[in-house]
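Residue numbers (my numbering): 108 to 575. All C-beta atoms in this analysis are idealised placements derived from N, C-alpha and C, irrespective of residue type, glycine included.
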Amino acid sequence: MGIKKFFYDEAAEGFEIANKFRKRDFSGNSGKVLKNSFWQIATTLTAKVGSLLFTIILARIMLPEIYGLYGLALSTILFFGVFSDLGIGGGMGVFIAKLIDKRPGKAKGYFYYFVKYKVVLLVLSSALLVAVANFLASNYYNKPIFYALLAGAIYLPVQILTSFIGPLFTLKNDFKPQFVREIIVQISRLVILPLAIIYFLKEMPIESYLLWVILLLSLCYFFSFVYIWILAKLKHPFSMARRVPLAQKEKSDAWKFILPLSVTALSGVFFGYIDQIMLGHYVSGAFLGFYQAAFNLISSATVLIGFGSAAVFPVLARLKGKHLELGFKKARRMTALISVLAFIFTIVVAKYIVLLVYGDAYSTAYYYLLPLSVLLISFPMISLYQIYYLSQEKSKLISILLIGSTVLNILFNFVFINLGLTFGPAAGIVLGLSVDGMFWGVMGACIATILSRYIFLFGLFFGRRKNL
108 MGIKKFFYDE AAEGFEIANK FRKRDFSGNS GKVLKNSFWQ IATTLTAKVG SLLFTIILAR
168 IMLPEIYGLY GLALSTILFF GVFSDLGIGG GMGVFIAKLI DKRPGKAKGY FYYFVKYKVV
228 LLVLSSALLV AVANFLASNY YNKPIFYALL AGAIYLPVQI LTSFIGPLFT LKNDFKPQFV
288 REIIVQISRL VILPLAIIYF LKEMPIESYL LWVILLLSLC YFFSFVYIWI LAKLKHPFSM
348 ARRVPLAQKE KSDAWKFILP LSVTALSGVF FGYIDQIMLG HYVSGAFLGF YQAAFNLISS
408 ATVLIGFGSA AVFPVLARLK GKHLELGFKK ARRMTALISV LAFIFTIVVA KYIVLLVYGD
468 AYSTAYYYLL PLSVLLISFP MISLYQIYYL SQEKSKLISI LLIGSTVLNI LFNFVFINLG
528 LTFGPAAGIV LGLSVDGMFW GVMGACIATI LSRYIFLFGL FFGRRKNL
């Protein structure tokens, strides 16, 4: 089958899908897949668009100083949250998915086994966060986020348990509950948080202000948790089967699968949060706010640019040999073209984007948006390469590169943040820019982020060439 014929067939299939939607025909396996895909895409778009709107509204209401402190507190809380998973979520998806239809009792046994350890790890993670909250807030960060970190012990359980129970429905090919759950989270926080800040919190001391923000966020996730919990009781994902306990060998096999995932999970969290956590030690809340504002814009844009990568997954999974390479190269050219155009567009209008989205108070974020805009090229390409490897069941290289890039990211952040703080003011005089060391410390974090992400991308690129 030639590559052109393959894509012609895909186009014909696309028209058939559109016709099914028009007729509301979701019968048979193909109709079920189509219906599930619709709910999955709707859930993803709701999450991304809702998060972007929430970020913009919060940033405008809070202004840079408080917004930066809020982002630092939340990043720290989520960082501790990863210790409550350690690959258990991924393991649950694999083991329960194989059994939930044919042997629901055994699937229920796996679920209760995983939940037991999930709760234990969640309690330990929350306790660890509470134990080190004062040290982090007073000594490491030296910022008024102590109460917010304590509130994280409430935020983590409701947020993580909701995300843990929800996938049970998708494993039963019921994707609508996840969409409804996401709607509840997004609408509740878009309504509750802004109103609370405007009418009740704005006169409070910063520490109390941030405490209530995290508590109200917890309330929003609690609403979705109640919905998922009640639905699970009503729908019985395990078909009311009696729980079958796991044999010792089944437990051992589960942990053999989960433990390697835990290393990847930890590396991914370090990769995602280490820049903000390290910056929190060196710069003020306002500069944290500028950095987060710029980075959030880039992240939101790359989600939209790279959204098509997920659609490529089923196509690549069905291709082999020469046709696989031709299909991948075509997808890569398309992704690269869109990414480069987005990069050029951002460079040209960066200043106006910042002013339009965040307002004059965040004008400094423009200087960080410029260098970070090169991530508009790397992020979508990384997503595409990861999709390629996963479609061919070659995830080991991704894990190795992620761990290596994470170590380099920590090293780069330490080096370049300190270089910016030390030599940045002199560079500011020469370049006619800010002479504030914190300004250049954040610029150092931008450089560290860019270098580590591109090293990860180059590793994926050369790893693929080696396997050809």
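Round the Cβ separation of residue i and residue j to the nearest angstrom and send it over; I've been treating them as touching at under 8 Å.
i	j	result
Q85	S182	This structure leaves residue 85 out entirely; the chain is present only between 108 and 575.
R350	K215	5 Å
I510	V370	7 Å
R288	C327	So it is not a contact: roughly 11 Å between Cβ atoms.
Y248	H388	6 Å
G198	F221	7 Å
P487	I557	In fact, because the Cβ distance is near 15 Å, the residues do not count as touching under 8 Å.
W146	K342	Not really, about 15 Å apart at Cβ, beyond 8 Å.
S485	T453	With 8 Å as the limit, S485 and T453 do not qualify as a contact, their Cβ atoms being about 13 Å apart.
L567	L508	6 Å
L257	V237	6 Å
A180	I252	4 Å
G396	E172	6 Å
P344	I164	Not confirmed; about 35 Å, so no contact.
Let me make sure I understand the geometry here. Which of the options has the alpha-carbon closest to that of residue i?
i	options	result
L433	K503, Y495 and L185	Y495
S490	L479, S480, L476 and I505	I505
S191	I163, I207 and L229	L229
Y473	G379, S485, M488 and V456	V456
K223	F271, T529 and L256	F271
I148	Y459, Q285 and L300	Q285
G548	L540, I562, L558 and G531	G531
I365	Y254, Y217, N520 and K283	Y217
L386	G551, F329, S470 and L508	G551
F378	R560, D281, L165 and I184	R560
A408	W362, F145, T153 and L159	L159
K213	A166, P352, L300 and K225	P352
A303	M169, F435, V265 and L518	M169
A154	I290, A238, G196 and A533	I290
L324	F345, L185 and F450	L185
K584	L257, L278, F330 and A240	Outside the displayed span of the chain (108 to 575) sits residue 584, for which this structure offers no information.
V201	L231, G188 and P274	P274
F521	T269, I507 and C553	C553
K503	S331, G570 and F402	G570
T442	K458, L462, Y469 and V410	V410
K250	F435, S374, Y177 and N525	Y177
N516	F563, M545, L482 and A234	F563
L375	T150, I164 and F187	Before going on, a small fix: residue 375 reads as Gly here, not Leu. Nearest C-alpha to G375: F187.
L331	L235, Y174, S233 and V265	The question names Leu, but residue 331 in the sequence shown is Ser. Nearest option by C-alpha distance: V265.
R440	Y492, F402 and Q399	Y492
A449	V320, L526, I412 and F307	I412
V239	A400, A255 and V227	A255
S470	I299, F523 and F546	F546
Give the range of the alpha helix (DSSP H) segment to which residue i is assigned.
i	result
T269	F253 to I272
I510	K503 to L538
S325	I313 to K342
Y474	A472 to L479
P352	No alpha helix (DSSP H) contains P352, which DSSP labels as neither H nor E.
N241	P211 to F242
V189	From DSSP, V189 is part of no alpha helix (DSSP H); its letter is neither H nor E.
E289	K283 to A303
Taking CB distances under 7 Å as the criterion, tell me whether residue i reaches chain D.
i	result
L528	Among the chains in the structure shown there is no chain D, since it carries only a single protein chain.
Is any heavy atom in the ligand GTP found nearer than 6 Å to the beta carbon of residue i?
i	result
S295	Only the bare structure without any ligand can be found here, which leaves the ligand GTP out of the picture.
Length-filtered (4 minimum) alpha helix (DSSP H) runs lying within the region 356 to 421: 392 to 412
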